[in-house]
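Take the position in the sequence shown, starting the count at 1, then add 3; the result is the number in my numbering.
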Amino acid sequence: MVLVDRLIHAKRWQKRVACVSFDLVAVFFSMWAAFYLRLGEWVDPFGQTAWLFLIAPVISVLIFIRFGLYRAILRYIGQDALITVLKSVTISTLVITLLIFWLKQPEDLVPRSVVINFWMLSLLFIGGSRYGVRRLLSLSGILQKIAVRPRRSSSLRQKGGIRVAIYGAGPAGFELVGALDRSRDFKAIAFIDSDPQLTRQVIGGLPVYSPDQVEEIIDILGISEIFLALPGLSPIQRKVVVDKLEPLPVHVRSLPSLSQMTSKYYSVSDIREVDVADLLGREQIESKSELLEKNLKGKVVLVTGAGGTIGSEICHQAALQRPKVLILFDVSEYALYKIEQKISTLNDGSLLGIKVLAVLGSVQNCRRLKKIMKSYGVHTVYHAAAYKHVPIVEENLLEGLRNNVLGTLYCAQAALQCNAEQFVLISTDKAVRPTNVMGATKRLSEMLLLSLYGQDRVDNFYGEPPNGKSAKCSTKLSIVRFGNVLGSSGSVIPLFRKQIESGGPVTVTDPRITRYFMTISEAAELVIQAGALSQNGDVFHLDMGEPVKIVELAKKMVNLSGYKVKNGEDCDGDIEIVFTGLRNGEKLYEELLVDRSKSQTTQHPMIYRVMEDSISWEESMHRLNELEMLIFAADYPRIRDYLIRYVDGYSPQCDLVDILWKPE
4 MVLVDRLIHA
14 KRWQKRVACV
24 SFDLVAVFFS
34 MWAAFYLRLG
44 EWVDPFGQTA
54 WLFLIAPVIS
64 VLIFIRFGLY
74 RAILRYIGQD
84 ALITVLKSVT
94 ISTLVITLLI
104 FWLKQPEDLV
114 PRSVVINFWM
124 LSLLFIGGSR
134 YGVRRLLSLS
144 GILQKIAVRP
154 RRSSSLRQKG
164 GIRVAIYGAG
174 PAGFELVGAL
184 DRSRDFKAIA
194 FIDSDPQLTR
204 QVIGGLPVYS
214 PDQVEEIIDI
224 LGISEIFLAL
234 PGLSPIQRKV
244 VVDKLEPLPV
254 HVRSLPSLSQ
264 MTSKYYSVSD
274 IREVDVADLL
284 GREQIESKSE
294 LLEKNLKGKV
304 VLVTGAGGTI
314 GSEICHQAAL
324 QRPKVLILFD
334 VSEYALYKIE
344 QKISTLNDGS
354 LLGIKVLAVL
364 GSVQNCRRLK
374 KIMKSYGVHT
384 VYHAAAYKHV
394 PIVEENLLEG
404 LRNNVLGTLY
414 CAQAALQCNA
424 EQFVLISTDK
434 AVRPTNVMGA
444 TKRLSEMLLL
454 SLYGQDRVDN
464 FYGEPPNGKS
474 AKCSTKLSIV
484 RFGNVLGSSG
494 SVIPLFRKQI
504 ESGGPVTVTD
514 PRITRYFMTI
524 SEAAELVIQA
534 GALSQNGDVF
544 HLDMGEPVKI
554 VELAKKMVNL
564 SGYKVKNGED
574 CDGDIEIVFT
584 GLRNGEKLYE
594 ELLVDRSKSQ
604 TTQHPMIYRV
614 MEDSISWEES
624 MHRLNELEML
634 IFAADYPRIR
644 DYLIRYVDGY
654 SPQCDLVDIL
664 WKPE
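Shown next, in the form of C-alpha cells:
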C-alpha cells in the first residue's frame, strides 16, 4: 500500500521515467524469453545476437512514444489504451522483423518463430503491466468511485451524438465517459482540467486540455455541450468555473455533488442543468449537530405547511435527527401525500424508526390544531404554513389575513395551551417595511407572536383558558426571517428555466430589481438551528449573503443553456429578456432588518438575533378584535387603513384589487 501511495503521488515525469524504464526491461526480457521458448536452452543475450537484444528495446520504446503510450494515465487506462498497446507492439515487431531480414540474419541464429514469440510476450508484459497497475489502484480503494467495467472502443464514439467536453478529468469524469459511451446520445470528445499534470495527457482515449484552451477547442472540435464532473468542489470553486464558461457558446450542464449522489456510479440520467446555487457561490457552513438535535431528537415534532417548499425540507432535515414522532400538517391533500411518501421512504431506507403521521387540516381551524398537539404531546412546532405568492395574496386580501395572521395566532396559542417546548415561526424578508399585503400579514403575525411572549395569559382567542383559569406557560416563541430560497414554488428560477426551454422571452419585472437567495436545504437547517438558540421572544435573521441582480441571473441562465441573449445591441441573439414592470406590491430591494444597529451575533456565524419592539397582549387583543370585525365585514378600504396604521413601514403601491369584488 505504501508503494501504491508513492506511485500515485509521484511527479508526472517520474512516472514517465518509471514506465519507460520498465518497458525497456520488459522488451529485453521478452526477446530473451522468445529465444528460450524456441530453442529450449539458455541464450546468451550478449553473444552473437547482442545487437538484437540492444536495439529491440530502443525501437519499441520510440514507437511507444510516437503512439502516445506514455501520455495515458495508468489509473484511468481503458480499452482504448490497450488497443494502442496492441498497435504499437505490432508495429515495433514488424520493424524489428524487417531489420532482421534486411541484415540477412541466418535462420539458425534468429529463427522465424522467435518473432512471433516476441510479439506475444511483449503484448503480455506491456499491456498486462498497465492493466495490472490499474487493477492494483482500484483494489487499493483509492478510486472507489471508478467502476472497473469493460468499455467500448473509441470507434463506437464516432457513430454520432452531441459532441461533449467533460470538465474534470478525475474519477467522476472517467466514469461519465463510460456512461456516455453506452448512451449513444452523446459523443465524448475531450477532457478539460486545471491540473497541469493532466494537461496534454490521454485519459480513457480522450485528450486533456487546460481551461485556457476551452474557447479554442469548442470551435475546432465542434463541441456543443460541456458537462461539469466536479462533485468534490466547494461552492465558491464551482462558481469560478461556471463564471468562466458562462460567456461561451455552449450548453453547460453538471453532475450532482457528492452530497446529492444516490449511488457510487454516475449515469447519463444524473446530468442536470447547472444549479443556480453554482452561480451564487455560497460557501456551505458546517451545521452544529447539537443545535440540530436539541429540539428534534426523541421529540414529537409538528410541521405546519409540511408540503410546501420550506416545510417539506424542514420535515426532511427533522427526520434525519430521529424524532420520536413527526407530524406532517397541511391543507393540500396532494402536497401532504408527496411529503409523506418522501419521509416514509427515507424512514424505511435509513432505518430511522420514526413514527410519521400525515394530518390533513387548516391552520385556520384552531380547535383541530389544539386537539392534535394535545393528543400527541407535541414538543416542537415549526410553523411554515402561509400564503406567500405576492401577487396572489395582493388580490386575495381576506384569505391572506385569515391564513397568515389568524392562522399563526391559532397555531401559537395551541402550542402555548398544550405546553409545547418550542414554537418557531417561519417569516420572510418581505415583512420588513412591506409594500405588499403578503409582507404586511407576515409582519402582523410577527407582532402577534412577540406580544404573546412573556404574558401570563394563554387564553384561546375563541374560548376559555385551560382549566377555566389563566395559566403560565413555558413555551419558547421565536421567529426566523430570511429571503428567497432557490427552486421554491414561487421562485423566478423555475419560471426562467421554463421560458428558456420554450424559446423565450425571459420576463424580468425591472432591470434594477435585486433579491437575496439561499438554497432550500441551507435555509431549513438554519431555521432548525435558530430555533434551538431561542431564549424566548427572539427574532432571528439569516445571513443571506450579497443581493443578486435578477436581470444578471437571467442572462447567466440563458448563456449557460447554450443560447445568446438578444437585446437592442445584439439582434443576432436567441432569447430576448423583456421587462414587464413591477407587479402589485413588489419591491425593488428586500431588507432583512428594520434597524441594523439592533442585530446581534449568536454562536452560529450565519444566524443573527434582532431586538424587535413589541406591544402588550392587551393592545394586541384590541387590534385583533378590530381586525376580525373588518374581515367579517369585508371592509377593504378600512382594512387598508388598518394595515397602514399598525404595520410599521407599510406603504401600499397600488389599490387593493379585492375592492373591485366587494358585493353591493
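Using N, Cα and C, we set each Cβ at its ideal position, and we do this for glycine too.
Excluding sequence positions up to five before and after leucine 563, its CB lies within less than 6 angstroms of the CB of Glu249, Val255, Val277, all in the same chain and listed in chain order. The beta strand (DSSP E) runs lying completely inside the segment 508-550 and spanning 3 residues or more are 509-511, 541-545, given in chain order. The C-alpha of serine 237 lies about 20 angstroms from the C-alpha of methionine 560.
Taking 8 angstroms as the cut-off, the beta carbon of isoleucine 66 is found no closer than this to the beta carbon of valine 46.
In the DSSP assignment, histidine 386 is bridged to Thr307, Leu428.
A straight line joining the alpha-carbon of lysine 327 with that of lysine 190 spans about 50 angstroms. The alpha carbon of glutamate 228 has as its nearest neighbour, out of Ile206, Leu201, Ala193, Pro234, the alpha carbon of Ala193. If only uninterrupted alpha helix (DSSP H) runs of at least 4 residues are considered, those enclosed by the segment 187-230 are 217-224.
DSSP, reduced to helix, strand and coil, places alanine 361 within a strand of the structure shown.
Looking at the backbone, the Cα of aspartate 222 and that of asparagine 487 are separated by about 38 angstroms. Taking the Cα positions, glycine 308 is about 41 angstroms away from isoleucine 169.
Glutamine 603 counts as exposed, since fewer than 16 other beta carbons sit within 10 angstroms of its beta carbon. In the structure shown, serine 63 adopts helical secondary structure according to DSSP, grouped into three states. Asparagine 350 has no beta-bridge partner at all, per DSSP.
In terms of Cα proximity to isoleucine 129, the closest of Val20, Val92, Leu258 is Val92. If you check the CB distance, leucine 323 and leucine 331 do not come in under 8 angstroms.
Going by C-alpha positions, leucine 57 is about 15 angstroms away from alanine 37.
For arginine 626, the enclosing alpha helix (DSSP H) starts and ends at 620-636.
With a cutoff of 8 angstroms on beta-carbon distance, arginine 484 and histidine 386 are scored as not near each other.
In the displayed model, histidine 319 falls within a helix according to three-state DSSP.
Under the three-state reduction of DSSP, aspartate 184 is assigned to helix. One thing to note: isoleucine 317 has its Cβ within 8 angstroms of the Cβ of isoleucine 531. For alanine 415 and valine 440, the gap between their C-alpha atoms comes out near 21 angstroms.
Residue range 495-504 is occupied by the alpha helix (DSSP H) that includes phenylalanine 499, with no beta strand (DSSP E) assigned at that position.
Residue burial is scored here from C-beta neighbours: leucine 372 has at least 16 other C-beta atoms within 10 angstroms and is therefore classed as buried. Here glycine 310 has Asp333, Ser335, Ala338, Leu339, Lys341, Ile342 as same chain residues with Cβ atoms under 7 angstroms from its own Cβ, once five neighbours each way along the sequence are excluded.
In the DSSP assignment, lysine 479 falls within the unbroken beta strand (DSSP E) covering 479-485. Here the C-alpha atom of glutamate 218 lies approximately 10 angstroms from the C-alpha atom of leucine 224. Fewer than three Cβ pairs drawn from the segment 444-451 and the segment 496-510 lie within less than 8 angstroms of each other, which leaves the two stretches out of contact.
According to the DSSP assignment, alanine 557 belongs to the alpha helix (DSSP H) that extends over 553-563.
Nearest Cα to valine 408 within the set Val384, Met450, Thr383: Met450. In terms of CA proximity to arginine 586, Val396 leads the group Ser430, Leu536, Val396. Just so you know, the alpha carbons of leucine 299 and lysine 552 end up roughly 37 angstroms apart. If only uninterrupted alpha helix (DSSP H) runs of at least 4 residues are considered, those enclosed by the segment 392-450 are 393-398, 400-404, 410-420. Between the alpha carbons of glycine 207 and alanine 172 lies a gap of roughly 10 angstroms. Residue pairing by DSSP places phenylalanine 582 opposite Val511 in a beta bridge.
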